[in-house]
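Peer 1:
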Amino acid sequence: MLRINSCVRHRFGRQHRFKESRMAKSIPEGPEAGSVTGGPDPEVARVVYAVGEDMDVSDKVLLAAFEAALVESGMRNLDYGDRDSVGVFQQRPSQGWGSASDCMKVPYASRQFCTRAQEAEKDDPKLSAGELAQVVQRSAYPDRYGKVEDRARALVEYAKKTCATEATRARDDRAPDWAERSEGRFTQTLEYMYDELRTNQNAPLTWAIWMLNKPWAPDVDPADIAARLFDGATWTKWLELLDDAADRPSAFVLFGVMVAPGMPWDHKPKIQRMFDLNSNNSDELYFKIPDDSAGREVFYDIWSNMHYGYVGRAAGFDEGPLHAAPQLPGTGEHDPGDVITMQAGMDLWDEHGDEMTVGQFSAKVYATIDELDAATPNLDQVRKWTKP
Numbered sequence: 001m002l003r004i005n006s007c008v009r010h011r012f013g014r015q016h017r018f019k020e021s022r023m024a025k026s027i028p029e030g031p032e033a034g035s036v037t038g039g040p041d042p043e044v045a046r047v048v049y050a051v052g053e054d055m056d057v058s059d060k061v062l063l064a065a066f067e068a069a070l071v072e073s074g075m076r077n078l079d080y081g082d083r084d085s086v087g088v089f090q091q092r093p094s095q096g097w098g099s100a101s102d103c104m105k106v107p108y109a110s111r112q113f114c115t116r117a118q119e120a121e122k123d124d125p126k127l128s129a130g131e132l133a134q135v136v137q138r139s140a141y142p143d144r145y146g147k148v149e150d151r152a153r154a155l156v157e158y159a160k161k162t163c164a165t166e167a168t169r170a171r172d173d174r175a176p177d178w179a180e181r182s183e184g185r186f187t188q189t190l191e192y193m194y195d196e197l198r199t200n201q202n203a204p205l206t207w208a209i210w211m212l213n214k215p216w217a218p219d220v221d222p223a224d225i226a227a228r229l230f231d232g233a234t235w236t237k238w239l240e241l242l243d244d245a246a247d248r249p250s251a252f253v254l255f256g257v258m259v260a261p262g263m264p265w266d267h268k269p270k271i272q273r274m275f276d277l278n279s280n281n282s283d284e285l286y287f288k289i290p291d292d293s294a295g296r297e298v299f300y301d302i303w304s305n306m307h308y309g310y311v312g313r314a315a316g317f318d319e320g321p322l323h324a325a326p327q328l329p330g331t332g333e334h335d336p337g338d339v340i341t342m343q344a345g346m347d348l349w350d351e352h353g354d355e356m357t358v359g360q361f362s363a364k365v366y367a368t369i370d371e372l373d374a375a376t377p378n379l380d381q382v383r384k385w386t387k388p
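Numbering (the UniProt record's numbering), first residue to last: 1 to 388.
1) Please report the distance separating the alpha-carbon of D301 from that of L205.
2) How long is the line joining the alpha carbons of M258 and W210, rounded to whole angstroms?
3) In terms of alpha-carbon separation, which member of P142, T187, L127 lies closest to R151?
4) So, at 6 Å on beta carbons, what are the nonlocal neighbours of E371 in its own chain, with the 5 sequence-adjacent residues on each side left out?
5) Whole angstroms are fine: how far does the CA of K60 sit from the CA of D79?
6) I need the DSSP call for Q91, collapsed to helix, strand or coil.
7) Report buried or exposed for D338, applying the criterion of at least 16 other Cβ atoms within 10 angstroms of its Cβ.
8) Please identify the residue among A64, P388, H267, G309 whose C-alpha is closest to the C-alpha of R144.
9) Which class does D373 belong to by DSSP, given the choice of helix, strand or coil?
10) Within 10 angstroms of its Cβ, does A251 collect 16 or more other Cβ (buried), or is it exposed?
11) Kindly indicate which residue of M55, E157, V88, V365 has the alpha-carbon position closest to the one of M306.
12) Roughly how many whole angstroms lie between the Cα atoms of A68 and N202?
13) Find the nearest neighbour of K387 within the set S182, T357, P336, L212, judged by alpha-carbon distance.
14) Closer than 8 Å is the cut-off here; do at least three beta carbon pairs connect the region 82-92 with the region 108-118?
15) Take L70 and list the residues in its own chain whose beta-carbon comes closer than 8 Å to its own, dropping the five residues that flank it on each side.
16) Can you check which of these residues, D292, G309, M346, Y192, is closest to F275 by C-alpha distance?
17) If you reduce the DSSP assignment to three classes, tell me which class K270 lands in.
18) Does DSSP classify R46 as helix, strand or coil?
19) Taking only the alpha-carbon atoms, compute the straight-line gap between G312 and L190 and give it to the nearest angstrom.
20) Can you tell me whether M346 is buried or exposed? The criterion is at least 16 other CB atoms within 10 Å of its CB, across all chains shown.
21) Would you decide whether E166 is buried or exposed? Buried here means 16 or more other CB atoms lie within 10 Å of its CB.
22) With 16 other CB atoms within 10 Å as the buried threshold, where does A140 fall?
23) Among E319, N77, E284, which residue has its Cα nearest to the Cα of R185?
24) Can you give me the C-alpha to C-alpha distance between S282 and Q272, rounded to a whole angstrom?
25) Around the C-beta of K105, are 16 or more other C-beta atoms found within 10 angstroms, so that it is buried, or is it exposed?
26) Can you tell me where the beta strand (DSSP E) with residue 389 in it begins and where it stops?
27) Where K260 and D354 are concerned, what is the direct C-alpha to C-alpha distance, given to the nearest angstrom?
28) Take P264 and list the residues in its own chain whose beta-carbon comes closer than 7 Å to its own, dropping the five residues that flank it on each side.
29) Check the C-beta distance from D84 over to R92 and give it rounded, since I have them as a contact under 8 Å.
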């Protein structure tokens, strides 16, 4: 966590103490530091929420905690950071937050933050959640916290709905809650993919592809690109077909490199690694949809398809070529469900551009699931959830 002048004395500089016995009985430990990569960790979110409930903090203080955790660590318990910063809130032992090992305990770190935020709120009730987070965190970039308010509210709601009695007990050897686990995968994947869409639509390579899509761009030989980047013979043959599908095949070959199976914008392998899924067990590749009255689950390929459509439009491609390219020989299986989910990503770009919020993304995901379900039994991306 980047800080302003650390020499400035602050009234929140002292370390706050609290009764460990009460915390140990009512709040789960949370994950070990450094144990989760990727998007926000639902388990961390539940612990932060449980601590806030246990301390009876206001809604504003709780929102401030979620905003700070998202900005500082992505709602993950990290064992590293700027200088000596560690943990969910990137607290610094050298600044009076406690020992490094304590700061990497999610309940401890959450209580430290909430205690200081409560004091700040008491001193100035007019402060917003983002301003409360800044008072506690003392960031060199004070406006960051308010900018993630939508995402923070969505995570608060998720934690509120899933923080039931069994979720707030210390972890033990009880049988896993399969519904909660599957819903957690859905929620974490949604957050992760939102970050991917927002990051990749503005990536340097996306900008380069957008430039190549312009009629005034230099004439580039796509076969030369293919030969330099990968198996030229295989891709040159594919490009002969691509000439009929896109006005600017050189732009499409770069895009194709990124979205091809196993490449950086193919998210299925990443999601498999994120949750240690068995790709040979198709049941593990369906995630239960939270707050779904129909009790459904959705196949995990929808996420990369939506990313394909959204980033493809950001890169300057029209809808026609984006729909045509996956149907070319050698590009893998393609079904009407892929068309629906790719179109959903294109619609997101056309409707919101680079200002899309996590709420807008989430709403589109749920609407797309309903559209897929309406096409059943011809499609199998959405089905009734069953316990493994």
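Note that beta-carbon positions come from the ideal geometry of N, C-alpha and C, so glycine has one too.
Peer 2: In short, the structure shows the following:
1) 23 Å
2) 14 Å
3) T187
4) I340
5) 27 Å
6) strand
7) buried
8) Out of A64, P388, H267, G309, A64 has the C-alpha closest to the C-alpha of R144.
9) helix
10) With 16 or more Cβ atoms within 10 Å of its Cβ, A251 is classed as buried.
11) For the residues M55, E157, V88, V365, the minimum Cα distance to M306 belongs to V365.
12) 24 Å
13) S182
14) yes
15) P40, V148, R151, A152, L155
16) Y192
17) helix
18) helix
19) 19 Å
20) buried
21) Summary for E166: the model assigns pLDDT 48, below 50, so the residue's position carries little reliability; its value from the coordinates is reported in the next sentence. Classification for E166: exposed.
22) exposed
23) E284
24) Straight-line Cα distance between these residues: approximately 11 Å.
25) buried
26) Only positions 1 to 388 of the chain appear in the structure, and residue 389 is not among them; the question remains open.
27) The sequence given here has Ala at residue 260, not Lys. Approximately 24 Å, taken between the alpha carbons.
28) M258
29) 5 Å
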